[in-house]
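Numbering-wise, the sequence shown is residues 1 to 304 according to the UniProt record's numbering.
Taking it in order: structure first as structure tokens, then the write-up.
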Amino acid sequence: MSQVLHTPPPTQVPADDDLAALAARHGLTVSGARPSLPEYVHQLWARRHFITAFATAKLTAQYSQAKLGQVWQVMNPLLNAAVYYFIFGVLLGTSKGVPDYIPFLVTGVFIWTFTQSSIMAGTRAISGNLGLVRALHFPRASLPISFCLQQLQQLLFSMTALVVIILSFGIPITPRWLLAIPALILQSVFNAGVSMIMARWGAKTPDIAQLMPFVLRTWMYVSGVMWSISKLTKKDNLPHIVTVLLETNPAAVYIDLMRYALIHSFHGKQLPPHVWAAATGWALLAGIGGFIYFWKAEETYGRG
């Protein structure tokens with residue numbers, strides 16, 4: 001007696017359109033999908049308390065193992081300023097013709113350190129926090145923004161030493177000091193934008209973090225941290241394009257604005273032309289452009 005085997009009919013795989021319609025009918029969305037730009041901004045604002053708490057926790061833990069603790073927030077830039085003063089101010093003579101050179105130098109070091117530290121922290125924001133990125137669902141821009149906020153908190157903490165140094169050299173407090181507020185706001189927006197650009201690059205290519213110290217060191221040397229750009233650009237033998245590049249360098253723009261705000265002997269003639277327009281332009285270009293550039297890769301962060 002023969003046994004007839006009945007094979008079931010082949011299962012039909014639903015088309016992609018059918019699956020999409022089925023998911024939409026039941027309110028399902030793609031896990032980890034990039035939200036729209038307005039929705040992304042809304043999500044960031046909703047997590048503003050997480051961003052500030054994360055930045056404060058990172059700042060508190062930064063020197064928790066050191067015996068001097070948070071004092072190193074002030075000591076690090078001051079020690080750097082002391083080294084630069086000896087090498088550039090004493091040995092190379094860049095202090096000649098620069099009034100109040102020590103406040104001039106310390107202001108440059110503090111403001112440059114803010115930009116440098118923000119960019120370095122942003123470069124490792126995603127690649128250095130993969131466990132957090134893979135474990136929790138949140139807008140990834142929270143990380144580079146929180147690291148920039150951490151560096152801003154550190155700058156504000158260490159500026160107490162800067163104010164003491166400025167006052168100890170007999171520099172008076174003037175209404176110009178209020179200009180430090182918009183200058184810092186614009187610099188913070190610029191730093192956050194560049195940090196988000198570097199965070200996307202660092203997430204894809206972690207080796208960039210090893211290259212950045214050399215790039216940032218070169219950038220520091222051309223930003224007038226240890227020497228006066230206005231004094232150099234007055235020389236007739238300097239090509240015009242070099243003068244333009246030095247004067248519009250964003251790091252130099254923010255450093256000069258802070259020097260103008262805090263140091264009475266730093267006159268408006270030493271500022272590059274249209275300095276506030278340049279500072280605002282760099283902040284908008286880096287801030288908005290960096291944010292959109294980072295958002296476009298939101299789905300890729302933390303994936304294999």
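C-beta atoms are modelled at their ideal positions from N, C-alpha and C, and glycine is treated no differently.
The structure displayed is predicted, hence computed values, not measured ones.
| query | result |
| --- | --- |
| THR225 in three-state terms, based on DSSP | Note on residue identity: the sequence assigns Val, not Thr, to residue 225. Here VAL225 sits in coil by DSSP. |
| Distance, ARG303 Cα to MET1 Cα | For MET1, the pLDDT reaches just 46, beneath the cut-off of 50, and the residue's location in the model is therefore unreliable, leaving the point undetermined. |
| Check whether ILE281 and ALA252 have beta carbons under 7 angstroms apart | Correcting the residue identity first, residue 281 is Gly in this sequence and not Ile. Not a contact, by the Cβ cut-off of 7 angstroms. |
| Which listed residue (LEU257, THR248 and SER195) has its alpha carbon closest to that of PHE291 | SER195 |
| N-terminal and C-terminal residue of the alpha helix (DSSP H) that THR207 is part of | What sits at residue 207 in the sequence shown is Asp, not Thr. That residue, ASP207, is in no alpha helix (DSSP H); it is neither H nor E in DSSP. |
| DSSP-derived helix/strand/coil call for ASN76 | helix |
| Rounded straight-line distance, which links the Cα of ILE263 to that of ILE166 | 7 angstroms |
| Option in ASN76, PRO103, ILE185 and PRO182 with minimal Cα separation from PHE169 | PRO103 |
| Whole-Å CB distance - ASN129 paired with VAL109, under 8 angstroms assumed | No, ASN129 and VAL109 are not in contact; Cβ-Cβ is about 28 angstroms, not under 8 angstroms. |
| Residue nearest to GLN150 in terms of C-alpha spacing, selected from PHE266, PHE54, TYR301 and ALA278 | PHE54 |
| Extent of the continuous alpha helix (DSSP H) to which ARG134 belongs | 130-135 |
| Whole-Å CB distance - ILE197 paired with PHE138, under 8 angstroms assumed | With a Cβ gap of about 20 angstroms, ILE197 and PHE138 do not count as contacting. |
| Element boundaries [alpha helix (DSSP H), containing VAL164] | 142-168 |
| Start-end ranges of the alpha helix (DSSP H) lying completely within the stretch 272-301, minimum 4 residues | 275-295 |
| Counted within 10 angstroms of its Cβ, other Cβ atoms place GLU247 as buried (16 or more) or exposed | buried |
| Option nearest LEU143 by Cα separation, candidates ALA121, GLN154 and MET159 | ALA121 |
| Straight-line gap, LYS296 to TYR85 (C-alpha atoms, nearest Å) | 43 angstroms |
| Residue range of the unbroken alpha helix (DSSP H) whose run includes VAL41 | 37-46 |
| Nearest to ALA180 (by Cα), restricted to the options SER265, ILE111 and PHE88 | ILE111 |
| C-beta contact flag for LEU162 and VAL106 at 7 angstroms | yes |
| Three-state class that DSSP yields for HIS267 in the structure shown | coil |
| PHE190 vs PRO250 beta-carbon contact at 7 angstroms | yes |
| Beta-carbon contacts of GLY287 that lie in its chain and below 8 angstroms, excluding the five residues immediately before and after | VAL189, PHE190, ALA192 and GLY193 |
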